[in-house]
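Some notes on the structure that comes next.
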DNA sequence: CGTTTATATGCATAATAGCGCATGTGAGCT
DNA sequence: AGCTCACATGCGCTATTATGCATATAAACG
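Chains as they are written, first to last, in the working numbering: chain A, 7 to 142; chain B, 7 to 142.
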C-alpha cells in the first residue's frame, strides 16, 4: 500500500498509539516488557508491533530469545511531526501515563541491562501472566 | 470511538489526506470544487468529508445550495503537529501537487468570490463531469 | 534431545471500511 | 408547484482489519 498512508494508518489504533508512545518514552524495550506494560495478550502486542514495523515506525533487534523494539532512527520530517503529535497527546491520555508507570516499574527489574533476566515472578504466575486465562 | 484515535484514523486514507492537504493549502473551498480537484465521484468526496468533519478536522459553512469546507480553527497542539506532517508530505506526493494545480485552475473561475457561479462547462459535460459514466 | 521460554503467525470469525449505485434532502429558479 | 442543482446518505457488496485460539519457530537450558 501507499507507504505514507500506511504510516498514518498505523497510528490509527489505540494499542499502536500506546506502543509508539511507550517506545518513544522509554527507548529500547523488549516484547515481554511491552506485554506487561500494556496488559494485553502477547500475540496481540506482537501483531501490532509487526504492523508498526512494516509501516516503518520501528526497528527490532534480536538478542537471544528476546526481541527489543525501538522507534526507527532514520526518520523524515513528517515522521518527527507525527511523533510530536503523539507526544502532545500524552497530556490527555491516562492510558499512556499508566503504560509508562507500569513500564517504568518493570524496567527497574532489569538485571545487567537485559530484560527478563532473573525474573521469576512479577505478578503471580510469572511475567507472562498476561496470557489469557492466567490474567484478567 | 476514542476521539484522538479517530483523529489519526481519519488521516489514514489517501483520499482524506488529499482533502486535508487541499483544504490547508487553499482555505475555504466548496464540495464541487473538491470534486473537480480530486477527480473523484461526488458521493465519494462527500463521504470522506463527513468522516473528516466528524473526526473534528473540518468546519462546514452552508451558503445557498453550496457547502464550503475548511480546516477547523480551534485546534490543539497535536492537531497542528499532524497538519504539519501532512504539509511535509507534500514534497513527496505528486497527487497532492496535481490536486493543488487543478484546484487553483478551478478557483480562478470563481465569480464574486462565490464558487460555481457562471460555470457552464469546465470540462465537457459541465463541472459535475466527474459523475461515473460521464468521466473516466 | 526434550523442555521451557520468548516471540511470531496461520486460521477462523467478527467487526469495520470503502465503493458504486441509487435515492433523499433542501435550496434556488422558473 | 415542478424542476434543477449541490450535496448527503441508505443499501448491498467486497475488502480489510482486529481478535482469540492454537500452534510454529527458535533460542536457551537441563
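Ideal Cβ positions, reconstructed from N, Cα and C, are used throughout, including at glycine.
What residue 11 (chain B) touches in chain A, judged by beta-carbon distance under 7 Å, is 18, 19, 20 and 23, going in chain order.
For residue 90 (chain A), at least one C-beta of chain B is nearer than 8 Å to its own C-beta. Per DSSP, the unbroken beta strand (DSSP E) holding residue 64 (chain B) starts and ends at 64-69. Between the segment 83-96 of chain A and the segment 73-86 of chain B there are three or more C-beta pairs closer than 8 Å, enough to call the two in contact. In this structure residue 13 (chain A) touches residue 62 (chain A) by the C-beta definition: roughly 6 Å separates them, less than 8 Å.
By the Cβ rule, the segment 31-38 of chain B does not count as touching the segment 45-63 of chain A, because fewer than three pairs are nearer than 8 Å.
Shortest Cα-Cα distance from residue 51 (chain A) to any of A:20, A:59 and A:37 involves A:37. The C-beta of residue 80 (chain A) has fewer than 16 other C-beta atoms within 10 Å across all chains shown, which makes the residue exposed. Nearest in C-alpha terms to residue 8 (chain B), of all of A:108, A:20, A:11 and A:10, is A:20. Taking a beta-carbon distance threshold of 8 Å, residue 75 (chain A) does not count as an interface residue toward chain B.
Listed by position along chain A, the residues whose Cβ is nearer than 8 Å to that of residue 102 (chain B) form an empty set, because the closest Cβ is around 10 Å away.
Residue 39 (chain A) and residue 58 (chain A) have their C-alpha atoms some 17 Å from each other.
When B:27, B:55 and B:15 are compared, the shortest CA-CA separation from residue 98 (chain B) is found for B:27. Counting only Cβ-Cβ distances below 8 Å, residue 47 (chain A) has no contacts in chain B at all, with the closest Cβ about 20 Å away.
When the beta-carbon positions are compared, residue 64 (chain A) and residue 75 (chain A) come within less than 8 Å of each other. Counting the other Cβ atoms within 10 Å of the Cβ of residue 56 (chain B) gives fewer than 16, which makes it exposed. In terms of beta-carbon proximity, residue 8 (chain B) lines the interface with chain A, with at least one pair separated by less than 8 Å.
Counting along the chain, the unbroken beta strand (DSSP E) around residue 76 (chain A) starts and ends at 72-77. In the assembly as shown, residue 117 (chain A) is an exposed residue. Its beta-carbon has fewer than 16 other beta-carbons within 10 Å. When only Cα atoms are considered, residue 54 (chain A) and residue 60 (chain B) end up about 26 Å apart. The beta carbon of residue 110 (chain B) sits closer than 8 Å to the beta carbons of 32 from its chain, once the five residues preceding and following it are set aside; these are given in chain order. The alpha carbon of residue 77 (chain A) has as its nearest neighbour, out of A:114, A:101, A:15 and A:23, the alpha carbon of A:23. The CB of residue 98 (chain A) comes closer than 8 Å to the CB of 10 in chain B, given here in chain order. Along the segment 48-66 of chain B, there is no position whose C-beta sits under 7 Å from a C-beta of chain A. Residue 41 (chain A) counts as buried, since at least 16 other C-beta atoms from the protein chains shown sit within 10 angstroms of its C-beta. Counting along the chain, residue 82 (chain A) sits inside no alpha helix (DSSP H), nor does DSSP assign it H or E at all. Under the Cβ criterion of 8 Å, residue 87 (chain B) is counted among the residues facing chain A.
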